[in-house]
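For reference, the structure discussed in these notes is given below.
Here it is, written out as C-alpha cells:
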C-alpha cells in the first residue's frame, strides 16, 4: 500500500507557475508574492524562481488598453515573459 500524500490533489499540482505583480508601494507586491510562493510550494507546483517580477505601479505606467509607457517596466515584463516561456519549455521536456 502506498503512503498517502499530506498535500492531496489540487488544480495546481504539477502545473508550472510564475508569480508577478505590481503595487502602489515599494514592497507590497514582494510581500504578497512570498505568500503566494508558499502556497504554490504546498500545492506542489513547479515555480519560476528567477527573475522575480514586481514593480511599483504609478498612474500612467500602463493605460487601459494595456500599453506600457514606462521603458523600465516594459523591459522587466519582457524579461519575465521570456524567462517564463523558457521555463515552460524546460518543464515540458521533463514531463
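Residue numbers (our numbering): 29 to 123.
Note that beta-carbon positions come from the ideal geometry of N, C-alpha and C, so glycine has one too.
Source: prediction; values computed, not measured.
Neighbourhood of residue i by C-beta, 8 Å cutoff - its chain only, sequence neighbours within 5 removed
i	result
residue 102	96
residue 54	84
residue 52	84, 85 and 86
Cut-off 6 Å between Cβ atoms - residues of its own chain near residue i, not counting five sequence neighbours on either side
i	result
residue 75	45 and 68
Beta-carbon proximity list for residue i, same chain, < 7 Å, skipping 5 on both sides
i	result
residue 43	73
Proximity to residue i [Cα-Cα], best of the options
i	options	result
residue 81	113, 107, 39 and 118	107
residue 105	122, 38 and 78	78
Buried or exposed by the 16-neighbour rule on C-beta atoms within 10 Å, applied to residue i
i	result
residue 47	buried
| task | Quick one: which unbroken alpha helix (DSSP H) runs of 4-plus residues sit fully inside the segment 34–109? Chain order, please. | result | 56–70
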